[in-house]
Structures are given as C-alpha cells and as structure tokens.
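Colleague:
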Amino acid sequence: MFPIHTQHIENTENDIIYHDHDSLEFIYCLHGEVSYLINGESITIHKGEAFMINTHIIHARLSSTAHLMTVSIERETFSMHESLLSYFDSFFNHEHAPYIVIHDHTIHALITKLYGLLNIPEMSPFLILSSASELVHLASTTLPESKPLDDYDKMLEMIHYLRDHLSQKITIQDMADAVSICRSRCCSIFSQYLHTSPIVYLNELRLVHSTELLSKDYSIVSISKMCGFSRPSYFNTQFKKRYHMTPLEYRHSS
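If you're matching positions, the sequence shown starts at 12 in our numbering and goes up one per residue.
Written out as structure tokens, the structure reads:
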C-alpha cells in the first residue's frame, strides 16, 4: 500500500552492522534498553523512550534484550504531490541532525498508532497516510539543523559500493577508486565514522549477507562464492569466529 514498514524486535543476540537507508526510522523501546551507534556516537534509550534516525545516516544496533517497535517511512510515501516531497527533503537531509531523541508523548502515541494501523488487514489508506503525515510533521518541527560532516557522502558511496560488489574480490584501492580518493583517506574515513578498517567492515558485511542467504536453498559453497569468500574453508572459519557456529549449524538453528 505505502512504503512504510514496521518491525517488532525482541532480544537481539547479534549486533546489526553499520548501514543506512532512505527512510525515516522511528524506534520505540517497549521494554529494557538498547544502544545504537550513529555516526560513531553511542545513543541509549530505555523503556518508554523513542528516537528517530534521519535518512541516509550510518548507524548500527548493538545486541540487547530490549523489545522494540520500529516504523520506517520512506520518502516515496509522499510521492503523490511534489510539494510534499519538497517539504520532506527540506528537513530530512544531511543539513539537519542525524537523529533526535523524542520526549514528546504525542509522537510516542503516533508511532504506536501507526504501527497498529499498518498491522491491521485492509486498513483505510487514508488513516495510514494521515498518521504518517502527522508523525513526519511533528518530527520535522523538533529536528535541529546540523553542520554537514566532512566526507560523509563518500562514506555512504563506499558502503553502497561494497553492497553492490560483495561477490567480487575488493581491495582498499577498489573502494578508494570508487569515490576518487586515495587509500589513506579511505582508511581515515572508515576510522572516523565506523571506527574500524575498510577490510574488517567488508568482511563483516559479507558474513551478515551470508546469514540472509542461509535461509534460502543455496549450498554452502554457492553462498561462499556469492559473498566473495575466496575459499569455502575460509568462509567457514570466519563465520564460526563471528557466530560461534558453522554456516550449516546456523542454517539448522534458524
């Protein structure tokens, strides 16, 4: 119906790797506490608290025992009229804060309401759009401006490049060439925003992608190749180091 997505998350055992998306993500903590890393900054919310992550912001979620309700609203939700898109783009961009902690109980209630509406079969699209619009409007009124971050666009471009070329052999020079910078600057940008090296991040990205493929019918050898590992034995070793079980054991446990 609309490009709005909900998720109910409980007891996340594994960290969620640094990533970004083109939607506004609202996170409401129903129980416990959870920490996110946003542009390298640690943010923790507790039961009854919420925050919003702006569009195209690099973030990661750490493992926790929290119960979370999330609502992600994509820009295309408001594509029926150019003025709506223009309003959306004027607030949700790199010139504004990467996130906001939400203390307004009206917004908390709207997150809960929209989550509920989206999970009712054949719900009126007018009610969904009305609630989504009100939620985005209230969020926009609390979003402060922020100074643009150096090299942030290049960081995003490199992350997207890695996603699109996971099955291939990728070097630091390849990453640097993709955004027309030198190797040392590439490493510096990864260190600044992700607090890790390009190769460590790439390996983590390959492993996360492999867990998604393990839910399908691909063989372990095929998954190894699709994720860019040079040898199945190396894939097996790296996977076990990260998830404390082999790929086959992970498949059977899911």
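Quick reminder that beta carbons are idealized off the backbone N, C-alpha and C, glycines included.
Given a cut-off of 8 Å, decide if Leu146 and Ile170 are closer than it, judged by their beta-carbon atoms.
Modeller: Taking C-beta atoms as the reference points, Ile170 and Leu146 fail to come closer than 8 Å.
Colleague: Between Ser144, His78, Ser244 and Gln249, which has its C-alpha nearest Val211's C-alpha?
Modeller: Gln249
Colleague: Counting C-beta neighbours from all protein chains within 10 Å, is the total for Asn65 16 or more, i.e. buried, or is it exposed?
Modeller: buried
Colleague: Strictly by DSSP, which residues pair up with Met63?
Modeller: Phe37 and Ile111
Colleague: Should Phe137 go down as buried or exposed, given a rule of 16 or more other Cβ atoms within 10 Å for buried?
Modeller: exposed
Colleague: When the distance is taken between beta carbons, is Ala71 closer than 8 Å to Tyr29?
Modeller: yes
Colleague: Mind checking Met166: buried by the 16 CB within 10 Å criterion, or exposed?
Modeller: buried
Colleague: Exposed or buried, Thr111, counting other C-beta atoms within 10 Å across all chains shown (16 or more means buried)?
Modeller: According to the sequence as given, residue 111 is Ile; it is not Thr. Classification for Ile111: buried.
Colleague: With DSSP as the reference, identify every bridge partner of Ile27, one or two as the case may be.
Modeller: Arg72
Colleague: Taking contact to mean at least 3 C-beta pairs separated by less than 8 Å, is the region 35 to 53 in contact with the region 118 to 129?
Modeller: Yes, since at least three Cβ pairs between the region 35 to 53 and the region 118 to 129 fall closer than 8 Å, the two stretches touch.
Colleague: Taking the alpha carbon of Leu205 as the point to measure from, which residue in Pro243, Ile131, Ser265 and Ile49 has its own alpha carbon closest?
Modeller: Among Pro243, Ile131, Ser265 and Ile49, the Cα nearest to that of Leu205 belongs to Ile49.
Colleague: Give the list of continuous alpha helix (DSSP H) stretches no shorter than 4 residues that lie fully inside the region 149 to 196.
Modeller: 163 to 175 and 183 to 189
Colleague: Return the residue from the list Leu129, Met256 and Ser74 that minimises the CA-CA distance to Gln18.
Modeller: Out of Leu129, Met256 and Ser74, Leu129 has the C-alpha closest to the C-alpha of Gln18.
Colleague: Excluding the 5 residues flanking Asn22 on each side, which residues of the same chain have their C-beta closer than 6 Å to its C-beta?
Modeller: Thr76
Colleague: Tell me whether the beta-carbon of Leu225 lies closer than 8 Å to the beta-carbon of Arg253.
Modeller: no
Colleague: Entirely within the region 194 to 226 and at least 3 residues each: give me those beta strand (DSSP E) ranges in chain order.
Modeller: none
Colleague: Going straight from the alpha carbon of Ser83 to that of Arg194, what length do you get?
Modeller: Their Cα atoms are separated by approximately 35 Å.
Colleague: Roughly how many angstroms separate the alpha carbons of Glu215 and Met80, rounded to a whole number?
Modeller: So the two alpha carbons sit approximately 26 Å from each other.
Colleague: Which residue spans inside the region 74 to 105 form an unbroken alpha helix (DSSP H) run of at least 4?
Modeller: 93 to 102
Colleague: Which residues in the same chain have their Cβ closer than 6 Å to the Cβ of Lys58, if we skip the five residues on either side of it in sequence?
Modeller: Cys40 and His42.
Colleague: From Leu149, Ser191, Thr88 and His92, pick the residue whose C-alpha is nearest to that of Ile113; which is it?
Modeller: Among Leu149, Ser191, Thr88 and His92, the Cα nearest to that of Ile113 belongs to Leu149.
Colleague: For Phe103, collect the residues of the same chain with a Cβ closer than 7 Å to its Cβ; drop the 5 residues on either side in sequence, then sort them by chain order.
Modeller: Leu35, Asn65 and Thr66
Colleague: Excluding the five sequence neighbours on either side, which residues of its own chain have a C-beta within less than 7 Å of the C-beta of Asn247, listed in chain order?
Modeller: Thr257 and Pro258
Colleague: I'd like the span of the beta strand (DSSP E) that includes Ile49, first residue to last.
Modeller: Glu44 to Ile49
Colleague: Report the three-state DSSP secondary structure of Ile231 (helix, strand or coil).
Modeller: helix
Colleague: Going straight from the alpha carbon of Lys158 to that of Gly51, what length do you get?
Modeller: Cα to Cα, the separation comes out at about 16 Å.
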